[in-house]
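Remarks on the structure that follows.
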Amino acid sequence: MEPRTPAERTPETEEFLRQMPMGDLGERMGLELLEVTPERVVGTMPVKGNTQPYGLLHGGASVVLAETLGSVGSAMHGYPEKIAVGVDINATHHRSAREGVVTGTASAIHLGRTSTCYEVVIVDEDGRRLCTSRITCTLLPRKKD
């Protein structure tokens, strides 16, 4: 799940991505990170393979994308001293998608010492808003090995 534009990444971003455990779910769902900073994280996910029984993008898949993007931004904000743990997420689904790729953009609302909050907007390939989500993370001290 590395961003596609390595030439634009800072050394801090490179180090963060090497150290950040991403987990298996995002990989299974086909998530790709395009841009990663504490202030903004952008990623994509295919609709195919992430649908509900009626062939529409599953609302839970949108929430996985939103939580991943907000958590990555939160973790980068706290890195290397702190780790990010999600404590609240909500999502409003505005419309559906049946095909293509959706893009999520997590924009920081609050970047504090102990918590972060992001608004995540997910759009289809035509730029139509599919979902609006908000995620809050707590920043915890990283355990020393």
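Straight run, no breaks: the sequence shown in the numbering used here ends on number 160.
From the three backbone atoms N, C-alpha and C, an ideal C-beta is built for every residue, glycine too.
Beta-carbon proximity of residue i to residue j, cut-off 8 Å
{"i": "Val135", "j": "Gly85", "result": "yes"}
{"i": "Ser111", "j": "Leu155", "result": "no"}
{"i": "Ala90", "j": "Met35", "result": "yes"}
{"i": "Ser148", "j": "Ala81", "result": "yes"}
{"i": "Gly88", "j": "Tyr133", "result": "yes"}
{"i": "Thr83", "j": "Gly41", "result": "yes"}
Where residue i falls, given that 16 or more other Cβ within 10 Å makes a residue buried
{"i": "Asp139", "result": "buried"}
{"i": "His94", "result": "Note on identity: in this sequence residue 94 is Tyr, with His being the wrong assignment. Its Cβ being crowded by 16 or more others within 10 Å, Tyr94 is buried."}
{"i": "Val102", "result": "exposed"}
{"i": "Pro68", "result": "exposed"}
Distance, residue j Cα to residue i Cα
{"i": "Asp39", "j": "Leu46", "result": "10 Å"}
{"i": "Arg55", "j": "Gly64", "result": "26 Å"}
{"i": "Thr107", "j": "Val117", "result": "15 Å"}
{"i": "Lys158", "j": "Phe31", "result": "16 Å"}
{"i": "Thr120", "j": "Thr28", "result": "17 Å"}
Backbone secondary structure at residue i - three-state DSSP
{"i": "Val62", "result": "coil"}
{"i": "Pro156", "result": "strand"}
{"i": "Glu140", "result": "coil"}
{"i": "Ser77", "result": "helix"}
{"i": "Arg149", "result": "strand"}
{"i": "Ile70", "result": "The sequence shown places Gly at residue 70, not Ile. Three-state result, Gly70: coil."}
{"i": "Leu32", "result": "helix"}
{"i": "Ala90", "result": "helix"}
{"i": "Arg110", "result": "coil"}
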